[in-house]
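Numbering (this note's numbering), first residue to last: 4 to 508. Structure, as structure tokens:
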Amino acid sequence: MGPSPSLCGQRRGLDRYRDRWSAVAACVDLGLHRSIRVRRIKEQSTCRHGRRGPQQGASPIAQAVSRRGHAAMIAFLVIAYCAVVLVLFRVLHLKPRPYLVASLILAGVLMIGGVVVAWTQSAPLTGQVVTTQYVVQLVPYVKGQVTAVHAEANQPMKKGDLLLEIDPAPYQYTVDQLEAQLKVSKANVEQAQAGAQAADANVAKTRDGVTQAQAAIDQAKAAVTNAEAGLNKARASVELAKTQEQIALNIQRADVAAISQLKVAEAKQQRAEADASVQQAAAGITQTQAGEQQAVAALAAAQSTLQQAEAAARQAAFAVVIAQSGVPAVEAQLGEARFNLAQCRMLAPADGYVVNWQVQVGTMLVPMPLAAAGTFVDTSSIAVGAVFPQNWLSNVKPGNETELVLDPYPGRLFTGKVDAVIPASGGGQFTTSGDIPTAARVGSTGAFAVKIIFDDPTVSRKLSIGSGGSAAIYTDVGKPTHIISKVTMRMKKWLLYVLPTVARS
């Protein structure tokens, strides 16, 4: 079911005033509030035309204002032509014959029509104008209760000025907790690093022990080698002693003299001493071999200790990595907490002022676009959106000079330049839908929007957003006809003192 008749009537009444201040006509899209525009067009279609589709064109007030200036100038041209014709009849004493009157009427139509065509192509003029500025929705980044309101509605502010404050206590608690956690994490890192250093020192000490054990083995092997050499020498002495003893015995058998007996005794004594040396050398070998085995066992023990120390060092290094890995995570959380704490102070995003400022102390704010704290108007830049028929823009180029008359400033004439002609209209855009477009509703308003910037930025910052008015563009062709728009604009700026800017239906 469509909207009720009473609702349609109320919306038509509101649309007449809203469209007067809109940047473009109902179907000309500058990328602003597309969904609202489409919904309004559909409602107008249902209310006004039933199944025939929406009315193509600008709002009635905008059309009336635009036509009023052109009609006044055309009427002035007709009156001037009629005055010239009457003067000719008076001066030349002409009789108003039918063919003469018809010729003069045809000449007037062609002459005035040519002037109007040249005028609209070289110096187009429109009454569909609105000043536009960037608007920021003041949506808080954090949730909380307002503790102080510093900004006042509609009062100029500088970028970075404090707008309001949200209770920072919960976010301060989080910051304090994370700061303490960060200290603990850093202490754990220092402790782990100290353990790693001790483990590395133990590894170095154990490696020294392994080196000493290896040196002891080398010494033991050298001692074994020396002992074996001594044993071999002792055995050789034993063999020599045996030989000498046998010689002494042989001599004794041949000569039993006392000297022979003495030699035999000496040989036996030498053999006994050699046998003792052999036994001593064998004992030394046994002892040195035992020392070598002890050195090998000590080396094995030292190597085992070294492996344990290296394993402990690796565990300590891993503990350092684990402790260090926790620090960046805590620092990131702390950074986020500090950011949230800073967001408890809402600052002005640019030079400008706030409107619809209903926030009071105690108001609960939440970070939702649909629950903005207010609206901020950025006054750092301002532009004008002006709507012209498409066939009047054939000679318009960026950089063309313009003149503007704004409704809130009667008697003042503003100058500017064309920034861009927006070659797009909402009539050519189709929304995604499961419905087949109705052919009768497809169409264009036949208008394009032109963006105009002011010559004096200081003047533009003092203007009000949403101001309506009129604009004229002076192209590079047909400059003699520019005087028509110049006269019209100057008439408009003075008529603003007496004529209302909002018409009644």
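Virtual Cβ for every residue (Gly too), placed ideally from N, Cα, C.
Have a look at residue i and residue j and give me their C-alpha separation to the nearest angstrom.
i      : j      : result
Val390 : Leu181 : 57 Å
Ala126 : Val81  : 19 Å
Ile476 : Leu344 : 51 Å
Ile486 : Val462 : 25 Å
Ala154 : Phe457 : 29 Å
Leu368 : Thr177 : 19 Å
His36  : Pro159 : Its pLDDT being 38, under 50, His36 is placed unreliably by the model, and nothing is read from it.
Pro96  : Ala121 : In the sequence under discussion, the amino acid at residue 96 is His, which differs from the Pro named in the question. Going by the C-alpha atoms only, they are around 33 Å apart.
Val323 : Val192 : 6 Å
Thr49  : Ala332 : Here the model assigns Thr49 a pLDDT of 39, short of 50, so the residue's position is not dependable and the matter cannot be decided.
Ala225 : Gln297 : 14 Å
Tyr412 : Gly429 : 31 Å
Thr448 : Lys465 : 33 Å
Ala382 : Asp164 : Looking at the sequence shown, residue 382 is not Ala but Thr. So the alpha carbons of these two residues sit roughly 14 Å apart.
Arg415 : Gly446 : 38 Å
Thr366 : Gln336 : 28 Å
Val358 : Thr134 : 17 Å
Gln136 : Ser397 : 27 Å
Leu166 : Ala172 : 19 Å
Gly525 : Phe433 : Residue 525 cannot be examined here, being either before or after the span of the chain that is shown, 4 to 508.
Ala353 : Ser384 : 10 Å
Leu309 : Gln217 : 13 Å
Gln200 : Ala190 : 15 Å
Ser488 : Thr129 : 10 Å
Asp211 : Ala300 : 16 Å
Gln184 : Phe321 : 21 Å
Gln222 : Thr289 : 15 Å
Tyr84  : Ala105 : 14 Å
Gly431 : Leu113 : 35 Å
Lys186 : Ala207 : 32 Å
Trp497 : Phe417 : 13 Å
Leu33  : Ala386 : Here Leu33 scores only 39 on pLDDT, less than 50, and its place in the model is too uncertain to base an answer on.
I believe residue i touches residue j by the beta-carbon criterion, under 8 Å. Please report the beta-carbon distance rounded to the nearest angstrom.
i      : j      : result
Pro315 : Ala202 : Note that residue 315 is Ala in the sequence shown here, rather than Pro. Going by Cβ atoms, the distance from Ala315 to Ala202 rounds to 5 Å, so yes, they are a contact pair.
Asp179 : Thr150 : Not confirmed; about 19 Å, so no contact.
Pro401 : Ala423 : 6 Å
Pro392 : Ala450 : 6 Å
Ala340 : Gly198 : Not really, about 30 Å apart at Cβ, beyond 8 Å.
Gly472 : Val138 : That pair is no contact at about 20 Å.
Ala204 : Ala326 : Not really, about 19 Å apart at Cβ, beyond 8 Å.
Ala312 : Thr214 : Rounded, the Cβ-Cβ distance is 14 Å, inconsistent with contact.
Gly388 : Ala452 : 5 Å
Gln140 : Pro372 : 6 Å
Ser470 : Val330 : Actually they are not in contact, since the Cβ atoms of Ser470 and Val330 sit about 57 Å apart, beyond 8 Å.
Ala455 : Val421 : Contrary to the premise, residue 455 reads as Ile rather than Ala in this sequence. Going by Cβ atoms, the distance from Ile455 to Val421 rounds to 6 Å, so yes, they are a contact pair.
Gly355 : Val380 : 5 Å
Thr118 : Thr484 : Just to set this straight, residue 118 is Val in the shown sequence, not Thr. Right, their Cβ atoms sit about 7 Å apart.
Under the DSSP definition of a beta bridge, which residues are partnered with residue i?
i      : result
Phe321 : Paired residue(s): none; Phe321 is not in a bridge.
Ile169 : Val149
Val142 : DSSP lists no partner for Val142.
Val112 : BP columns for Val112 are empty, so no partner.
Val132 : Ala389, Gly472
Phe417 : Leu407
Val453 : Ala389, Val424
Met160 : Gly355
Check whether the Cβ of residue i lies closer than 8 Å to any Cβ atom in chain D.
i      : result
Val445 : Going by chain labels, chain D is absent from the structure shown, which holds only one protein chain.
Measuring from the CB of residue i, is there a heavy atom of the ligand ATP at a distance below 7 Å?
i      : result
Leu181 : Because no ligand of any kind appears in the structure shown, any question about the ligand ATP cannot be addressed here.
Original post:
Looking at C-beta atoms only, is the number of pairs between the segment 131-146 and the segment 346-361 that lie closer than 8 Å three or more?
Top reply: Output reads yes: the segment 346-361 touches the segment 131-146.
**OP:** Run through the segment 341-413 for me and flag every whole alpha helix (DSSP H) of 4 or more residues, listed as ranges in chain order.
**Re:** Within the segment 341-413, no run of alpha helix (DSSP H) reaches 4 residues while sitting entirely inside it.
Subject >> Touching by the beta-carbon criterion (3+ pairs, under 8 Å), the segment 97-107 and the segment 355-365 >> reply: Flag = no, the segment 97-107 and the segment 355-365 do not touch.
Original post:
Are the segment 119-139 and the segment 467-483 touching by the rule of at least three beta carbon pairs closer than 8 Å?
Top reply: The segment 119-139 is in contact with the segment 467-483.
Subject >> At least 3 beta-carbon pairs within less than 8 Å: the segment 488-496 vs the segment 402-412 >> reply: The segment 488-496, when compared against the segment 402-412, does touch it at the 8 Å Cβ threshold.
**OP:** Taking only runs that begin and end inside the segment 458-490, name each unbroken beta strand (DSSP E) of 3 or more residues, in chain order.
**Re:** Runs of beta strand (DSSP E) with 3 or more residues, each lying fully within the segment 458-490, are found at 471-477, listed in chain order.
Subject >> Cβ pair count under 8 Å reaching 3, the segment 84-91 against the segment 436-446 >> reply: Two segments are said to touch when three or more pairs of C-beta atoms, one from each, lie closer than 8 Å; by this definition the segment 84-91 does not touch the segment 436-446.
Subject >> Segments of 3+ residues assigned as beta strand (DSSP E) that fall wholly inside the segment 172-225 >> reply: Entirely contained in the segment 172-225, not one beta strand (DSSP E) run reaches 3 residues.
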